[in-house]
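Let me begin by presenting the structure, written as structure tokens, before commenting on it.
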Amino acid sequence: MKYTIPKGVFDILPFEPKEEDRWRNSDHWLYIEEVIRGVAADYGFKEIRTPLFESTDLFVRGVGESSDIVTKEMYTFLDKADRSLTLRPEGTASVMRAVVEKRLDQTPGPHKFYYIGPMFRYERPQAGRYRQHHQFGAEALGIGQPEQDVEIIDMFYEFYRRLGIQGLTVMINSVGDEESRASFRHALADYLKPHFDKLSEDSKVRFSKNTLRILDSKDPQDQQLLKEAPSLLNFLSAEAKEHFERVQILLKKIGLPFVINPKLVRGLDYYNKTVVEIVGTHLGAQNTLGGGGRYDGLTAALGGPHLPSVGFSTGLERLLQTMTGQNIAFPEPPHPFVFLIPLGEKSLDHCLTLLYQLRHAKIPAEIDISGKKVQHGLQMANVTKATYTVILGDRELETQEIELKEMASRQGENLRLGELFETLKGRYNV
Ligand code: HAM
């Protein structure tokens, strides 16, 4: 074939022939989205849908000039009027753009938003890492209190719990305010300077551009060096410290288990105070199911009002892979209540009338209109997991008697053709 799918992306299909691709079955996505909408409603978050592309500047300013996303991973292009646009690599900057542009912060009611959708990052594809991935994210804006941080963390933890995911670790840290970070940056640079030559190439680049990100390095030698490094937590301002302590007290109060990871800094530049990641069990290097934190300065950096905010997002691919890895069962997708198999032209017309009558009564019904043999219809009835099957041929039309067959038990029962609709309706609505 001439056309194949680009590298790092995938289709979401109702059937995947390969066992290792089954996690991305479209029925699973529908189920996850239903759970998302349920949990978001329970926590009072409203859906927001922003465009898939925005002005490039938004992400450069929002996510941060020195972040990996902006320096290496953006899908940026010029439109026909030479505007620089970028496929969104994440959702927070777009949500904040919409909030500031439409002044959603001035509307009545809580300002809590969630989104589900694709994000684009030019990364090296591997298990759990794609060039188009999907996120469920949530942003709560306008509230600087630690109670808001905890609501967000709890909502995502509850979301994972509703899906039945086991073995999660909630890691939290505080990256303080701008001053805390500036003094820590100095201390970290002073500590690392004598070891500069031993740092990995990535960390050498980060040393001058984004020193804090060195803490995040996965390189074993870097990690060894960092063991004795100063801790960010010792550089927090009194206010940031108090905020972080309150977050911990509240998490304990609601029984949400967490660990403090003083090296957690996150890859996007907009964070301050609380940062959080939730780590799973099944994806090795790509084990982080979701991450987020507080970003009080973002709206002002985008030219808007000061709106202290906090948010989190989780990757849906990693979630589905973790669920599959943990053998978590997905609910059965919807199936036809009755499958009609017409044999011959006259019975086809009769079946079509019945089919639409059933569907208009909101009873899921399916038919084999291929004109093929009865075996074909029966096979389709099996594949679609229909509850009942009816075969209708000339003989049935003549006698007005049909057999309603229950597929699971293989039991048949004889009915008058004229009673079929009412019988099915009665059973479906029990
Ligand atoms: P992030 O940590 O960059 O944060 O991404 C959030 C989650 O998206 C990750 O934990 C991961 O599950 C998933 N993810 C990211 N990149 C990929 C990829 N290439 N392939 C598969 N999954 C991926 C953010 O995007 C922030 N906007 C989160 C946030 C919301 N902070 C505050 N509010």
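First residue of the sequence shown? That's -12 in our numbering, and the numbers climb one at a time after it.
Cβ atoms here follow ideal geometry from the backbone N, Cα and C, with glycine treated the same way.
In this text the structure is predicted, and so the values were computed from the model without any measurement.
**Study point:** Whether Glu383 touches Asn401 by CB criterion (8 Å)
**Key:** no
Check your understanding: Helix, strand or coil: which one does DSSP assign to Lys(-6)?
Key -> coil
Practice item. Quick one: give me the first and last residue of the beta strand (DSSP E) that Gly278 is part of. Key: Thr275 to Arg281
Review point. So, Ala352 versus Lys412, is the Cβ gap smaller than 8 Å?
Key: no
Check your understanding: If you count every other CB in all the chains shown that lies within 10 Å of the CB of Gly405, and 16 or more means buried, which is it?
Key -> exposed
Point to revise | Inter-stretch contact at 8 Å, needing at least 3 Cβ pairs: the segment 145 to 154 / the segment 112 to 119 | key: no
Check your understanding: With Ser190 and Phe222 assumed to form a contact (beta carbons below 8 Å), what rounded beta-carbon distance in angstroms separates them?
Key -> The pair is not a contact, with the Cβ atoms about 20 Å apart (cut-off 8 Å).
Review point. Mind checking whether the beta-carbon of His120 lies closer than 7 Å to any heavy atom of the ligand HAM?
Key: yes
Check your understanding: Secondary structure at His182, three-state DSSP: helix, strand or coil?
Key -> helix
Exercise for review: Please look up how many angstroms separate the CB atoms of Gly279 and Gly298, rounded, as I've assumed it's under 8 Å.
Suggested key: 5 Å
Review point. Which full runs of the alpha helix (DSSP H) of 4+ residues lie inside the segment 43 to 75, going along the chain?
Key: 43 to 50
Check your understanding: On the three-pair Cβ rule with 8 Å, is the segment 34 to 46 touching the segment 64 to 82?
Key -> yes
Exercise for review: Quick one: grab the DSSP three-state call for Arg24.
Suggested key: helix
Review point. Can you list, in chain order, the residues of its chain whose CB lies under 7 Å from that of Arg253, leaving out five sequence neighbours each side?
Key: Val262, Gly278 and Gly280
Exercise for review: Return the first residue and the last residue of the beta strand (DSSP E) that His121 is part of.
Suggested key: Gln119 to Leu128
Exercise for review: Select from Val22, Ile(-8) and Asp177 the residue whose C-alpha is nearest the C-alpha of Leu307.
Suggested key: Val22
Check your understanding: In terms of alpha-carbon separation, which member of Glu126, Thr58 and Gln398 lies closest to Tyr102?
Key -> Glu126
Exercise for review: List the whole-angstrom C-beta distance separating Gly96 from Gln122, where the pair is believed to meet the contact cut-off of C-beta under 8 Å.
Suggested key: With a Cβ gap of about 24 Å, Gly96 and Gln122 do not count as contacting.
Point to revise | Sequence-distant residues of its chain with Cβ nearer than 8 Å to Ala216 (five each side left out) | key: Leu175, Tyr178, Leu179 and Leu202
**Study point:** Other residues of its chain near Val57: CB distance less than 7 Å, five sequence neighbours each side excluded
**Key:** Phe46, Val47, Val50 and Gly51
Check your understanding: Quick one: Cα of Leu150 to Cα of Lys333, how far?
Key -> 48 Å
Review point. Is there contact between the segment 320 to 331 and the segment 369 to 376, where contact requires at least three CB pairs shorter than 8 Å?
Key: yes
Review point. Which of helix, strand or coil does DSSP assign to Gly271?
Key: helix
Review point. Which of the three DSSP states, helix, strand or coil, is assigned to Leu335?
Key: helix
Review point. In terms of DSSP beta bridges, what is Thr261 paired with?
Key: Ser161
Exercise for review: Using 10 angstroms around the beta-carbon of Gln135, count the other beta-carbons present and answer buried if the total reaches 16, otherwise exposed.
Suggested key: buried
Review point. How about Ile159 and Val234: are their beta carbons less than 8 Å apart?
Key: yes
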